[in-house]
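A.B. asks: Residue numbers (the UniProt record's numbering), protein chains in the order written: chain A, 1 to 279; chain C, 1 to 279. Every residue, glycine too, gets a C-beta built ideally from N, C-alpha and C. First, the structure itself, so that you have it in front of you.
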């Protein structure tokens, strides 16, 4: 597994870098970004994987969240993958909608044509990418995972299904119950087909109800988020946690919306939460 | 002078807002952004005017600099104007170059056709915009000014020519000596014509040599900036300051480039510098 550097920018005494690599799992070339804090020049540092939302690339979080300042203080690397496979030959929604196809991989392994050839983002994020990162960079195998919206869904699903791989999970404005919302219906029907049994393994509420682990989970949700009632349904996650007595911390943040201004306002608390659990 | 709100987003317990207004000075509709810290709901707060670089709009700094966190702590409003007049009928470089015309107003008052009808960014930034801001928002008339690259040039020029209007000036990677660099030559020749006497009033080095004030100036410049030698020439400002014993603080920052990652890395120190001088 080789990687090709395409940018290196000093930031908060560490380095923001972007790379291309050929993904075997996704069967296409992918770009990712990594922030290496200054501590990484002296020792292996833990890694926070950040999963972005619909339409994003590796760049949105790195440019807009203000996370590098705190990562540099705490000695945490951050890795931001893209949100779907990309490039020639990768299927897209014929209507070019923003919530299916390119930029909308939903962090699952597609089983339906034409998606299954490339849309295997679950395996990419959980397995292939960490393996690549731990091979090429001065990082430990101590990991946390976080994300926003579709990426919040991805972080919760990846973390709840693999508690042995992550120390902690956090999410901003996550799609917590995709089997019961329009974004989830559309994605799951297209990528996974009509059999709803296969949907359950990608639904954070279902996973939290059935979880036998207690990996720490922090969720922030703005009360002025346009997608709150129809798509995000945070109360479904609160109910799921209650059923299983899961130690969920879910905070409704008064007046905040779905944007990166919301993420920037609270990312410091998320990074400190992960740092505490990554040790 | 009326303003039309086009967005309001909660950020760090304050509000990021965007507005349209009809500029009499620029003779077109303009958009600007303002960040109001939480303190502005209780008292009038001082204002930092941020001037962006080539190709930017009101959005780049607000999205990428990570400044609102510190502004919220310090109780400072931030106002970010656009970088040129915009809209139908506003002249642009026929070759659509990035360094002349739209997005490249250079914070000066153009005297040459076809530019002079709209390109009056100096008067807009120094006079009309602050008047508008102080009429419509809970801000005091205590002001500071800062900027990046072309906007660093703009901040130095506006501040050095109007020390009675600002408490402090700061700049990242500023064009300090436009009469002696390609960006400056191209802009000044087009906007101001061939008479180099008219160029002097927009050259920070010339203004610093002649200044009789001692308004505090902080400049940060990355040593890995691609534009360092050809366009930015920080040593010319150091020499100008030495000639006039001007209290300039200019810091060469090892390894940093011209990007917003550089700005984000040091914006906290700039805001604390301005807060100290704005009292």
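Between the Cα of residue 213(C) and those of 237(C), 200(C) and 248(C), spot the shortest distance and give me the residue it belongs to.
C.D. replies: Position 213 of the second chain, counted from the first residue, corresponds to residue 213(C). Of 237(C), 200(C) and 248(C), the residue nearest in Cα terms is 248(C).
A.B. asks: Residue 224(C) CB to nearest chain A CB: under 8 Å?
C.D. replies: Indexing the second chain from 1 puts residue 224(C) at position 224. Yes, contact with chain A.
A.B. asks: With a Cβ-Cβ cutoff of 8 Å, do residue 224(A) and residue 261(A) count as a contact?
C.D. replies: Taking the first chain and counting its residues from 1, one reaches residue 224(A) at position 224. Taking the first chain and counting its residues from 1, one reaches residue 261(A) at position 261. Not in contact: residue 224(A) and residue 261(A) (Cβ atoms no closer than 8 Å).
A.B. asks: Please compile the residues from chain C whose C-beta is within a distance smaller than 8 Å of the C-beta of residue 220(A).
C.D. replies: Taking the first residue of the first chain as 1, we reach residue 220(A) at position 220. Under the 8 Å cutoff, chain C gives no residues; its nearest Cβ is about 13 Å from residue 220(A).
A.B. asks: Determine the closest residue to residue 145(C) out of 120(C), 137(C), 154(C) and 138(C), with distance taken between C-alpha atoms.
C.D. replies: As a first step, residue 145(C) is located in the second chain; it is residue number 145 there, counting from the start. Checked all of 120(C), 137(C), 154(C) and 138(C); the closest Cα to residue 145(C) is 154(C).
A.B. asks: Quick check on residue 180(A): does DSSP put it in helix, strand or coil?
C.D. replies: As a position in the first chain, residue 180(A) is number 180, starting the count at 1. The answer is helix: DSSP assigns residue 180(A) an H, G or I state.
A.B. asks: Span of the alpha helix (DSSP H) holding residue 276(C)?
C.D. replies: What you label residue 276(C) is simply residue 276 of the second chain in a count that begins at 1. Segment 260 to 278, the alpha helix (DSSP H) holding residue 276(C).
A.B. asks: Is residue 1(C) buried or exposed, if buried means 16 or more other CB atoms sit within 10 Å of its CB?
C.D. replies: The residue labelled residue 1(C) in the question sits at position 1 within the second chain. Its Cβ having fewer than 16 others within 10 Å, residue 1(C) is exposed.
A.B. asks: With DSSP as the reference, please indicate the residues paired to residue 200(A) in a beta bridge.
C.D. replies: In the first chain, residue 200(A) corresponds to position 200, counting from 1. Answer is none; residue 200(A) lacks a bridge partner.
A.B. asks: Using a beta-carbon distance below 8 Å, is residue 270(A) in contact with chain C?
C.D. replies: Numbered from 1 along the first chain, position 270 holds the residue referred to as residue 270(A). So no, residue 270(A) is outside the interface.
A.B. asks: Where do the ends of the beta strand (DSSP E) carrying residue 18(C) lie?
C.D. replies: Counting from 1 along the second chain, the entry for residue 18(C) is found at position 18. 14 to 23 is the extent of the beta strand (DSSP E) around residue 18(C).
A.B. asks: Residue 41(A) by DSSP, collapsed to three states: which one?
C.D. replies: Looking up residue 41(A) in the first chain gives position 41. Looking at residue 41(A) - three-state DSSP - the assignment turns out to be helix.
A.B. asks: Please list, in chain order, the residues of the segment 49 to 81 of chain C that have any C-beta partner in chain A closer than 8 Å.
C.D. replies: Of all residues in the segment 49 to 81 of chain C, 63, 64, 66, 68 and 69 have a Cβ within less than 8 Å of some Cβ in chain A.
A.B. asks: Residue 331(A): buried (16+ other C-beta within 10 angstroms of its C-beta) or exposed?
C.D. replies: This structure cannot settle anything about residue 331(A), because the visible part of chain A is limited to 1 through 279.
A.B. asks: So, is residue 226(A) buried or exposed, given that buried needs 16 or more other C-beta atoms within 10 angstroms?
C.D. replies: Against the first chain, residue 226(A) aligns to sequence position 226. So residue 226(A) ends up on the exposed side.
A.B. asks: What residues are listed by DSSP as bridge partners for residue 139(A)?
C.D. replies: Here residue 139(A) refers to the residue found at position 139 when the first chain is read from its first residue. DSSP, once it has assigned bridges, lists 45(A) as partnering residue 139(A).
A.B. asks: On the DSSP letters alone, give me the boundaries of the alpha helix (DSSP H) that residue 280(A) sits inside.
C.D. replies: A query on residue 280(A) cannot be resolved here, the shown segment of chain A reaching from 1 to 279 and no further.
A.B. asks: Verify the CB distance criterion: does residue 19(A) have a CB-CB separation below 8 Å to chain C?
C.D. replies: Here residue 19(A) refers to the residue found at position 19 when the first chain is read from its first residue. Not closer than 8 Å to any Cβ of chain C, the Cβ of residue 19(A) fails to qualify, so no.
A.B. asks: How many angstroms separate the CA atom of residue 38(A) from the CA atom of residue 276(A)?
C.D. replies: Counting from 1 along the first chain, the entry for residue 38(A) is found at position 38. Counting from 1 along the first chain, the entry for residue 276(A) is found at position 276. Residue 38(A) and residue 276(A): Cα-Cα distance of roughly 19 Å.
A.B. asks: Could you have a look at residue 191(A) and say whether DSSP puts it in helix, strand or coil?
C.D. replies: Mapped onto the first chain, residue 191(A) falls at position 191. Here residue 191(A) sits in helix by DSSP.
A.B. asks: Of the choices 266(A), 279(A), 54(A) and 272(A), whose alpha-carbon is the least far from that of residue 291(A)?
C.D. replies: Only positions 1 to 279 of chain A appear in this structure, which leaves residue 291(A) out of reach.
A.B. asks: Would the segment 91 to 110 of chain A count as touching the segment 181 to 200 of chain A if we require 3 or more Cβ pairs under 8 Å?
C.D. replies: Counting Cβ pairs under 8 Å, three or more are found: they touch.
A.B. asks: Could you name the residues of chain A that residue 261(C) contacts, counting a contact when the two beta carbons are closer than 9 Å?
C.D. replies: Here the question's residue 261(C) lines up with position 261 in the second chain. Those are 9, 10, 11, 12, 16, 62, 63 and 68, listed as they occur along chain A.
A.B. asks: Go through its chain and collect everything with a Cβ distance to residue 11(C)'s Cβ below 6 Å, but skip five positions before and after it.
C.D. replies: Taking the first residue of the second chain as 1, we reach residue 11(C) at position 11. 68, listed in sequence order.
A.B. asks: Keeping to the same chain, check which residues put their C-beta closer than 6 Å to that of residue 118(C); ignore five residues upstream and five downstream.
C.D. replies: Working through the second chain from its first residue, we reach residue 118(C) at position 118. The answer, listed in chain order, is 26, 27, 28, 85 and 90.
A.B. asks: Can you find a C-beta in chain E that's less than 8 Å from the C-beta of residue 173(C)?
C.D. replies: Given the protein chain composition of this structure (A and C), no chain E is represented.
A.B. asks: Just to confirm the assignment, what range does the alpha helix (DSSP H) spanning residue 69(A) have?
C.D. replies: Looking up residue 69(A) in the first chain gives position 69. Note, residue 69(A): alpha helix (DSSP H), 68 to 74.
A.B. asks: From what residue to what residue does the beta strand (DSSP E) around residue 4(A) run?
C.D. replies: As a working note, residue 4(A) is residue 4 in the first chain. Element bounds for residue 4(A): 4 to 11.
A.B. asks: Which of the three DSSP states, helix, strand or coil, is assigned to residue 161(A)?
C.D. replies: Walking along the first chain from the start, residue 161(A) turns up at place 161. Helix, per DSSP.
A.B. asks: Using a beta-carbon distance below 8 Å, is residue 275(A) in contact with chain C?
C.D. replies: Start at 1 with the first residue of the first chain, and residue 275(A) comes out as number 275. No, residue 275(A) does not count as interfacial toward chain C.
A.B. asks: At the 8 Å Cβ level, is residue 257(C) part of the contact set with chain A, yes or no?
C.D. replies: In the second chain, residue 257(C) corresponds to position 257, counting from 1. At least one chain A Cβ lies under 8 Å of residue 257(C).
A.B. asks: Using three-state DSSP, classify residue 151(C) as helix, strand or coil.
C.D. replies: Residue 151(C) sits at position 151 when you count from the first residue of the second chain. Note: residue 151(C) maps to helix in three-state DSSP.
A.B. asks: Please state whether DSSP places residue 109(A) in a helix, a strand or coil.
C.D. replies: As a first step, residue 109(A) must be located in the first chain, where it is residue number 109. Of the three classes helix, strand and coil, the one that applies to residue 109(A) here is strand, per DSSP.
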